[in-house]
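Colleague:
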Amino acid sequence: MIDFLAMGGVLGLAAGLSPGPLLTLVITETLRHGAGAGVKVALAPVVTDLPIILGVFYLLRRWADFEGLLGVLSLVGGLFVVYLAADNLRAQNTTSAVGEEGTPRPLLKGVMANALNPHPYLFWVTVGTPQVVKALNLGAATLAGFLGSFYACLLGAKVLLALLAGRSRRFLAGRAYLFTLRALGLLLIGLAAILFHDGLKLLGWL
Numbered sequence: 085m086i087d088f089l090a091m092g093g094v095l096g097l098a099a100g101l102s103p104g105p106l107l108t109l110v111i112t113e114t115l116r117h118g119a120g121a122g123v124k125v126a127l128a129p130v131v132t133d134l135p136i137i138l139g140v141f142y143l144l145r146r147w148a149d150f151e152g153l154l155g156v157l158s159l160v161g162g163l164f165v166v167y168l169a170a171d172n173l174r175a176q177n178t179t180s181a182v183g184e185e186g187t188p189r190p191l192l193k194g195v196m197a198n199a200l201n202p203h204p205y206l207f208w209v210t211v212g213t214p215q216v217v218k219a220l221n222l223g224a225a226t227l228a229g230f231l232g233s234f235y236a237c238l239l240g241a242k243v244l245l246a247l248l249a250g251r252s253r254r255f256l257a258g259r260a261y262l263f264t265l266r267a268l269g270l271l272l273i274g275l276a277a278i279l280f281h282d283g284l285k286l287l288g289w290l
């Protein structure tokens with residue numbers, strides 16, 4: 085249970101703070117229309133992720149007895165997490181991504197940006213949903229803990245950045261933000277190592 089809480093928290097925090105289309109939109113809408121607009125954009129994953137999770141979960145659940153499939157997915161997931169870690173470790177400040185005047189309906193814009201972004205699909209196919217299957221096999225409480233910690237950290241991080249952007253743009257170009265990203269990058273490398281270990285073990289190579 086604690087392992088899944090920690091994993092969900094690290095993944096959610098990393099996803100919430102990592103540069104990408106949705107984070108850029110959170111900051112842009114905040115700077116243009118205020119923190120309220122940025123918070124609405126930050127809530128987009130609540131809308132877009134559920135269909136992805138349900139679809140991938142249905143497919144994986146039919147094959148959940150095949151440890152080889154989960155092993156391959158764990159290895160691919162490890163590679164994807166390494167990719168996310170590399171993005172964090174080489175990230176620069178996000179203020180340069182702020183563009184020109186935006187349009188209203190920030191939640192709709194956030195939903196569109198996230199739905200058209202391949203990262204959520206890659207994450208839930210390779211990392212998220214296999215962990216959901218494992219958590220469910222351990223009980224509903226473990227599943228709730230994993231998803232709860234993931235979304236609490238994912239949404240909390242983006243909402244916090246929206247509020248900070250509304251109060252001070254300098255934070256987004258400061259060392260604290262970059263230090264946080266790099267620390268999360270190192271945590272993700274550790275998480276990738278766990279996924280590699282799980283994948284090799286499921287494949288019978290360990």
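Sequence positions in the sequence shown follow the numbering used here and run 85 to 290. Ideal Cβ placement from N, Cα and C applies to all residues, glycine included. All values reported here derive from a predicted model rather than from experimental measurement.
Tell me which residue opens and which closes the alpha helix (DSSP H) that Pro202 is part of.
Modeller: Taking the sequence shown and counting its residues from 1, the one referred to as residue 202 is at position 118. Pro202 -> alpha helix (DSSP H) spans Pro202 to Phe207.
Colleague: Out of Thr264, Val195 and Leu200, state which residue places its alpha-carbon closest to the alpha-carbon of Arg174.
Modeller: Reading the sequence shown from its first residue, position 90 is the one you call residue 174. The candidate whose alpha carbon is nearest that of Arg174 is Thr264.
Colleague: Give the range of the alpha helix (DSSP H) segment to which Ser252 is assigned.
Modeller: Residue 252 sits at position 168 when you count from the first residue of the sequence shown. Neither: Ser252 is in no alpha helix (DSSP H) and is coded neither H nor E.
Colleague: Alpha carbon to alpha carbon, how far is Ala219 from Glu185? Give it in angstroms, no decimals.
Modeller: Sequence index remark: in the sequence shown, residue 185 carries index 101 (1-based). Sequence index remark: in the sequence shown, residue 219 carries index 135 (1-based). Because Glu185 carries a pLDDT of 47, less than 50, the predicted location of this residue cannot be relied on, and no value is offered for it.
Colleague: State buried or exposed for Glu151, treating a residue as buried only when at least 16 other CB atoms are found within 10 Å of its CB.
Modeller: Here residue 151 refers to the residue found at position 67 of the sequence shown. Burial call: exposed.
Colleague: How about the region 266 to 282 and the region 111 to 128: do they share at least three Cβ pairs that are nearer than 8 Å?
Modeller: Contact fails: fewer than three Cβ-Cβ distances are below 8 Å.
Colleague: Out of curiosity, what's the CA-to-CA distance linking Trp208 and Leu238?
Modeller: Taking the sequence shown and counting its residues from 1, one reaches residue 208 at position 124. Taking the sequence shown and counting its residues from 1, one reaches residue 238 at position 154. Going from the Cα of Trp208 to the Cα of Leu238 covers about 14 Å.
Colleague: Measure the Cβ-Cβ separation of Asn172 and Leu248 and say whether it is below 8 Å.
Modeller: As a working mapping, residue 172 is identified with position 88 in the sequence shown. As a working mapping, residue 248 is identified with position 164 in the sequence shown. Result no, Cβ atoms of Asn172 and Leu248 do not sit closer than 8 Å.
Colleague: Buried or exposed for Pro135, going by 16 or more other Cβ atoms inside 10 Å?
Modeller: Translated into positions along the sequence shown, residue 135 becomes position 51. The residue in question, Pro135, is exposed, as its Cβ has fewer than 16 Cβ neighbours within 10 Å.
Colleague: Apart from the five residues on each side of it in sequence, which residues of its chain come closer than 6 Å, Cβ to Cβ, to Asp132?
Modeller: In the sequence shown, residue 132 corresponds to position 48, counting from 1. For clarity, residue 132 is Thr in the given sequence; the question names Asp instead. Here the set comprises Val195, Asn198 and Ala199.
Colleague: Any contact between the region 154 to 162 and the region 276 to 285? By contact I mean 3 or more CB pairs, one from each, below 8 Å.
Modeller: The region 154 to 162 is in contact with the region 276 to 285.
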